[in-house]
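Novice: So that we are looking at the same thing, I have put the structure below in structure tokens.
2 protein chains.
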Amino acid sequence: MSDSEEHPVDGRRARGNKRRAEIIEATLAVVTRDGAAGVTHRTVAQQAGITTSLSTYYFRTLDDLLVAALSSVADAYTARIRQLIDRPGDKLRGLAELIVESGGPGRERALAERELSTLAARRPALAPVARQWRENVAELAATLTDDPQAIAALVAASDGLCTAILIDNIAADTDHVHKVLSQAIGTPLDAAAPPRRGP
Amino acid sequence: MSDSEEHPVDGRRARGNKRRAEIIEATLAVVTRDGAAGVTHRTVAQQAGITTSLSTYYFRTLDDLLVAALSSVADAYTARIRQLIDRPGDKLRGLAELIVESGGPGRERALAERELSTLAARRPALAPVARQWRENVAELAATLTDDPQAIAALVAASDGLCTAILIDNIAADTDHVHKVLSQAIGTPLDAAAPPRRGP
DNA sequence: GTTCTACTTGTACTATCGTTCAAACTCCTG
DNA sequence: CAGGAGTTTGAACGATAGTACAAGTAGAAC
Numbered sequence: 002m003s004d005s006e007e008h009p010v011d012g013r014r015a016r017g018n019k020r021r022a023e024i025i026e027a028t029l030a031v032v033t034r035d036g037a038a039g040v041t042h043r044t045v046a047q048q049a050g051i052t053t054s055l056s057t058y059y060f061r062t063l064d065d066l067l068v069a070a071l072s073s074v075a076d077a078y079t080a081r082i083r084q085l086i087d088r089p090g091d092k093l094r095g096l097a098e099l100i101v102e103s104g105g106p107g108r109e110r111a112l113a114e115r116e117l118s119t120l121a122a123r124r125p126a127l128a129p130v131a132r133q134w135r136e137n138v139a140e141l142a143a144t145l146t147d148d149p150q151a152i153a154a155l156v157a158a159s160d161g162l163c164t165a166i167l168i169d170n171i172a173a174d175t176d177h178v179h180k181v182l183s184q185a186i187g188t189p190l191d192a193a194a195p196p197r198r199g200p
Numbered sequence: 002m003s004d005s006e007e008h009p010v011d012g013r014r015a016r017g018n019k020r021r022a023e024i025i026e027a028t029l030a031v032v033t034r035d036g037a038a039g040v041t042h043r044t045v046a047q048q049a050g051i052t053t054s055l056s057t058y059y060f061r062t063l064d065d066l067l068v069a070a071l072s073s074v075a076d077a078y079t080a081r082i083r084q085l086i087d088r089p090g091d092k093l094r095g096l097a098e099l100i101v102e103s104g105g106p107g108r109e110r111a112l113a114e115r116e117l118s119t120l121a122a123r124r125p126a127l128a129p130v131a132r133q134w135r136e137n138v139a140e141l142a143a144t145l146t147d148d149p150q151a152i153a154a155l156v157a158a159s160d161g162l163c164t165a166i167l168i169d170n171i172a173a174d175t176d177h178v179h180k181v182l183s184q185a186i187g188t189p190l191d192a193a194a195p196p197r198r199g200p
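Listed in order, the protein sequences are those of chains A and B.
Under my numbering, the first residue of the first sequence is numbered 2, with each subsequent residue one higher.
Under my numbering, the first residue of the second sequence is numbered 2, with each subsequent residue one higher.
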């Protein structure tokens with residue numbers, strides 16, 4: 002985690018890492034297509050175009066594979082939200098756009114994340130990973146207000162909006178989501194996007 | 002649906018209905034214990050103390066069984082919320098108590114509902130059932146405000162709070178949930194529980 | 001009592017699952 | 001080149017899944 006890679010010159014390990022990523026990608030594709038219940042070593046291997054044993058070589062058990070897949074999705078979302086937090090701009094609108102994505106191009110990923118998050122209620126190993134999304138949103142909210150209730154409301158509303166978009170398959174409109182988020186956090190329209198000139 | 006039962010005198014059919022309810026109950030118990038993925042005709046039958054074939058006799062396919070189980074849970078929640086809507090009292094606090102229940106005695110049911118709701122994203126037959134909860138909350142919210150954004154925010158926040166309680170396993174405090182709901186809907190503390198004397 | 005319907009059981013078939021394992025292949029090391 | 005570490009394959013084992021089906025039981029209709 003600290004440094005990128007220690008042996009980037011070893012072609013064997015490089016290939017291994019690439020394979021690992023491919024298998025995770027295939028796993029997400031399977032979750033998207035057939036749901037988390039459809040994830041088996043065989044389906045994942047077929048999706049990745051490899052043999053079943055190779056899947057078990059990299060992920061000894063199915064649990065290992067699911068944890069890795071959820072971690073991958075969660076990391077991607079974390080990066081997106083951190084970008085919103087660090088960069089200047091309307092954070093609330095950025096969050097709204099991120100949520101709306103769950104109904105469009107990012108629907109597969111979001112659906113996969115929801116499936117895997119639900120598993121988290123049952124597998125302690127997944128819980129910390131599943132919690133990341135809410136913690137990140139809370140951090141973003143903390144830059145907009147100091148009111149704990151408002152932060153909690155925004156986090157809950159963000160989660161609920163994602164659910165509604167995914168399950169109900171409702172039309173995802175950025176303006177609408179933005180308004181609902183504003184409503185949840187209170188009166189952030191003044192404080193949310195102050196046209197600061199930066200330091 | 003219009004009248005209760007047409008042949009309540011037939012002891013055979015009565016036993017059949019009882020068995021059906023028992024199997025649904027066993028299914029929910031299995032979902033609670035092992036997750037939706039753990040639902041098989043065999044596990045359900047064992048949980049119910051019957052034979053496998055009897056489970057398939059009442060629910061020809063596993064899908065039938067899952068749809069019936071989700072419908073059962075959704076109906077129970079619908080009844081609870083309708084009670085809140087129809088009866089006088091602080092509706093928002095009642096909703097908060099209902100949500101908090103998801104972390105306590107009603108955790109099993111709530112978890113089962115979430116698992117089955119997630120399935121709804123994939124099985125169109127489950128979608129209308131899974132939508133009920135949100136529609137009911139929206140109806141409750143409509144009695145508190147006319148602002149569509151506020152209604153949407155309350156619905157989303159309710160859903161998100163349930164998720165947080167279930168997945169993160171956070172301490173569920175009625176006061177806290179109530180405050181967050183109030184924050185989401187705006188300033189309902191005055192309008193939410195007006196001590197009206199009736200019509 | 002006879003007949004019919006609804007309920008219940010035991011058993012079996014086929015398919016797929018997770019997982020293991022030894023052998024073959026690829027690439028780095030010396 | 002030889003040797004070893006990492007990668008990939010094919011086949012197989014035991015367990016469990018959905019489902020089907022014929023036989024048997026309990027209660028209703030006549």
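Here a beta-carbon is modelled for each residue, glycine too, at the ideal position from N, C-alpha and C.
Could you spell out the range, first to last residue, of the alpha helix (DSSP H) harbouring Ile100 of chain B?
Specialist: Counting from 1 along the second sequence, the entry for residue 100 of chain B is found at position 99. Taken as a continuous stretch (DSSP letters only), the alpha helix (DSSP H) holding Ile100 of chain B covers 92-102.
Novice: Name the two residues that bound the continuous alpha helix (DSSP H) containing Pro149 of chain B.
Specialist: If you number the second sequence from 1, residue 149 of chain B lands on position 148. Counting along the chain, the alpha helix (DSSP H) containing Pro149 of chain B begins and ends at 149-164.
Novice: With 8 Å as the C-beta to C-beta threshold (strictly closer), list the residues of the stretch 116-133 of chain A near chain B in chain order.
Specialist: Listed in sequence order: Glu116, Ser118, Thr119, Leu120, Ala121, Ala122, Arg123, Ala128, Ala131, Arg132.
Novice: So with CB distances below 8 Å, who are the chain A contacts of Asp160 of chain B?
Specialist: The residue you call residue 160 of chain B lines up with position 159 of the second sequence. In chain order: Ala157, Asp160, Gly161, Thr164, Ala165.
Novice: Which residue's Cα is closest to the Cα of Ala201 of chain A: A:Pro125, A:Ser103, A:Ala70?
Specialist: Residue 201 of chain A falls outside the range modelled here, since chain A spans only 2 to 200, and no answer is possible.
Novice: Mapping DSSP to helix, strand and coil, what is Ile51 of chain A?
Specialist: As a working mapping, residue 51 of chain A is identified with position 50 in the first sequence. Here Ile51 of chain A sits in coil by DSSP.
Novice: Spell out whether any CB of chain B is found under 8 Å from the CB atom of Leu29 of chain A.
Specialist: Indexing the first sequence from 1 puts residue 29 of chain A at position 28. Output row for Leu29 of chain A: interface = no.
Novice: Measure from the alpha carbon of Gln184 of chain A to the alpha carbon of each residue in A:Ala158, A:Arg135, A:Asp169, then state which is nearest.
Specialist: As a position in the first sequence, residue 184 of chain A is number 183, starting the count at 1. For the residues A:Ala158, A:Arg135, A:Asp169, the minimum Cα distance to Gln184 of chain A belongs to A:Ala158.
Novice: My output table needs one value for Gly187 of chain A: the three-state DSSP class, helix, strand or coil.
Specialist: Within the first sequence, numbered from 1, the residue matching residue 187 of chain A stands at position 186. Gly187 of chain A: coil per DSSP, three-state reduction.
Novice: Nearest-angstrom Cα distance between Pro200 of chain B and Ala38 of chain B?
Specialist: Stepping through the second sequence from its first residue, residue 200 of chain B is reached at position 199. Stepping through the second sequence from its first residue, residue 38 of chain B is reached at position 37. Any reading at Pro200 of chain B needs caution, since the residue's pLDDT is 39, under 50, leaving its predicted position unreliable; the model's value is listed next. Rounded to the nearest angstrom, the two C-alpha atoms are 50 Å apart.
Novice: Return the residue from the list B:Ile166, B:Gly161, B:Thr175, B:Leu155 that minimises the CA-CA distance to Gly1 of chain A.
Specialist: Outside the displayed span of chain A (2 to 200) sits residue 1 of chain A, for which this structure offers no information.
Novice: Buried or exposed: which applies to Asp4 of chain A, given that a residue is buried once 16 or more other Cβ atoms fall within 10 Å of its Cβ?
Specialist: If you number the first sequence from 1, residue 4 of chain A lands on position 3. With a pLDDT of only 37 at Asp4 of chain A, under the threshold of 50, the placement of this residue in the model should not be trusted; the figure read from the coordinates follows. The residue in question, Asp4 of chain A, is exposed, as its Cβ has fewer than 16 Cβ neighbours within 10 Å.
Novice: Is the separation between the beta-carbon of Val45 of chain A and that of Ile24 of chain A shorter than 8 Å?
Specialist: As a first step, residue 45 of chain A is located in the first sequence; it is residue number 44 there, counting from the start. As a first step, residue 24 of chain A is located in the first sequence; it is residue number 23 there, counting from the start. Yes, the Cβ-Cβ distance between Val45 of chain A and Ile24 of chain A is below 8 Å.
Novice: In chain order, which continuous runs of the alpha helix (DSSP H) of length 4 or greater are located wholly inside the stretch 6-83 of chain A?
Specialist: For the stretch 6-83 of chain A, whole alpha helix (DSSP H) runs of length 4 or above, ordered along the chain, are 12-35, 42-49, 53-59.
Novice: With contact counted as at least three CB pairs below 8 Å, one residue from each stretch, are the stretch 64-80 of chain A and the stretch 139-149 of chain A in contact?
Specialist: No: the two stretches stay apart, fewer than three of their Cβ pairs being nearer than 8 Å.
Novice: What residue range does the alpha helix (DSSP H) around Leu167 of chain B cover?
Specialist: Numbered from 1 along the second sequence, position 166 holds the residue referred to as residue 167 of chain B. That residue, Leu167 of chain B, is in no alpha helix (DSSP H); it is neither H nor E in DSSP.
Novice: Would Asp160 of chain B pass as a contact of Arg123 of chain B if the rule is Cβ separation under 8 Å?
Specialist: Position 159 of the second sequence holds residue 160 of chain B. Position 122 of the second sequence holds residue 123 of chain B. Cβ atoms of Asp160 of chain B and Arg123 of chain B: not closer than 8 Å.
Novice: Quick check on this structure: which residue in B:Leu141, B:Arg16, B:Leu127, B:Glu116 has the alpha carbon closest to the alpha carbon of Arg88 of chain B?
Specialist: One-based indexing of the second sequence puts residue 88 of chain B at position 87. The candidate whose alpha carbon is nearest that of Arg88 of chain B is B:Leu141.
Novice: Going by Cα to Cα distance, which pick from B:Gly90, B:Arg110, B:Thr52, B:Arg13 is closest to Ser72 of chain B?
Specialist: If you number the second sequence from 1, residue 72 of chain B lands on position 71. The candidate whose alpha carbon is nearest that of Ser72 of chain B is B:Arg110.
Novice: Report the CB separation of Glu102 of chain B from Val74 of chain B in whole angstroms; it is logged as a contact under 8 Å.
Specialist: Here residue 102 of chain B refers to the residue found at position 101 when the second sequence is read from its first residue. Here residue 74 of chain B refers to the residue found at position 73 when the second sequence is read from its first residue. Rounded, the Cβ-Cβ distance is 13 Å, inconsistent with contact.
Novice: I'd like to check one pair, Leu167 of chain A with Leu112 of chain A: are the Cβ atoms closer than 8 Å?
Specialist: As a working note, residue 112 of chain A is residue 111 in the first sequence. As a working note, residue 167 of chain A is residue 166 in the first sequence. Yes. Within cutoff.
Novice: If you drop the 5 nearest sequence neighbours on each side, which residues of the same chain put their C-beta closer than 7 Å to that of Tyr59 of chain A?
Specialist: Residue mapping note: residue 59 of chain A aligns to position 58 of the first sequence, counting from 1. So the list reads Arg20, Arg21, Ile24, once near-sequence residues are dropped.
Novice: May I have the straight-line CA-CA distance separating Tyr78 of chain A from Leu96 of chain A, to the nearest angstrom?
Specialist: Your numbering for residue 78 of chain A matches position 77 in the first sequence. Your numbering for residue 96 of chain A matches position 95 in the first sequence. So the two alpha carbons sit approximately 11 Å from each other.
Novice: Roughly how many angstroms separate the alpha carbons of Thr164 of chain A and Gly12 of chain B, rounded to a whole number?
Specialist: Against the first sequence, residue 164 of chain A aligns to sequence position 163. Against the second sequence, residue 12 of chain B aligns to sequence position 11. Approximately 44 Å, taken between the alpha carbons.
Novice: Taking DSSP as the reference, what is the three-state secondary structure of Thr119 of chain B?
Specialist: Along the second sequence, read from residue 1 onward, the residue named residue 119 of chain B stands at position 118. Helix, per DSSP.
Novice: Taking the Cβ atom as the reference point for each residue, do Arg81 of chain B and Leu99 of chain B lie within a distance shorter than 8 Å?
Specialist: One-based indexing of the second sequence puts residue 81 of chain B at position 80. One-based indexing of the second sequence puts residue 99 of chain B at position 98. Cβ atoms of Arg81 of chain B and Leu99 of chain B: closer than 8 Å.
Novice: Is Gln150 of chain A close to chain B? Criterion is C-beta to C-beta, closer than 8 Å.
Specialist: Numbered from its first residue, the first sequence carries residue 150 of chain A at position 149. So, interface residue.
Novice: Would DSSP call Arg110 of chain B helix, strand or coil?
Specialist: Here the question's residue 110 of chain B lines up with position 109 in the second sequence. Of the three classes helix, strand and coil, the one that applies to Arg110 of chain B here is helix, per DSSP.
Novice: With the cut-off set at 8 Å, would you say Glu116 of chain B and Gly36 of chain B are in Cβ contact?
Specialist: Position 115 of the second sequence, counting from 1, holds the residue named residue 116 of chain B. Position 35 of the second sequence, counting from 1, holds the residue named residue 36 of chain B. Against a cut-off of 8 Å, the Cβ pair of Gly36 of chain B and Glu116 of chain B comes out as a contact.
Novice: Between Gly90 of chain B and Leu29 of chain B, what straight-line distance do the alpha-carbon atoms span, to the nearest angstrom?
Specialist: Sequence index remark: in the second sequence, residue 90 of chain B carries index 89 (1-based). Sequence index remark: in the second sequence, residue 29 of chain B carries index 28 (1-based). Each residue's Cα considered, the two are about 31 Å apart.
Novice: Could you tell me which chain B residues have their CB closer than 9 Å to the CB of Ile1 of chain A, listed as they occur along the chain?
Specialist: No statement about residue 1 of chain A is possible, as the shown extent of chain A runs from 2 to 200 and does not include it.
Novice: How many Å lie between Leu162 of chain B and Ala131 of chain A at the Cα?
Specialist: Translated into positions along the second sequence, residue 162 of chain B becomes position 161. Translated into positions along the first sequence, residue 131 of chain A becomes position 130. Cα-Cα distance, rounded: 15 Å.
Novice: With a cut-off of 8 Å on the beta carbons, I'd call His179 of chain A and Arg108 of chain A a contact; round off their distance for me.
Specialist: By one-based count along the first sequence, residue 179 of chain A stands at place 178. By one-based count along the first sequence, residue 108 of chain A stands at place 107. Actually they are not in contact, since the Cβ atoms of His179 of chain A and Arg108 of chain A sit about 19 Å apart, beyond 8 Å.
Novice: Identify which residue in A:Gly17, A:Thr33, A:Asp76, A:Val32 has its Cα closest to the Cα of Leu55 of chain A.
Specialist: For the purposes of this step, residue 55 of chain A is taken as residue 54 along the first sequence, with counting starting at 1. Ranking A:Gly17, A:Thr33, A:Asp76, A:Val32 by Cα distance to Leu55 of chain A puts A:Gly17 first.
Novice: Here's the rule: buried if 16 or more other CB atoms are within 10 angstroms of the residue's CB, otherwise exposed. What is Gly105 of chain A?
Specialist: Reading the first sequence from its first residue, position 104 is the one you call residue 105 of chain A. Looking at its Cβ environment, which holds fewer than 16 other Cβ atoms inside 10 Å, Gly105 of chain A is exposed.
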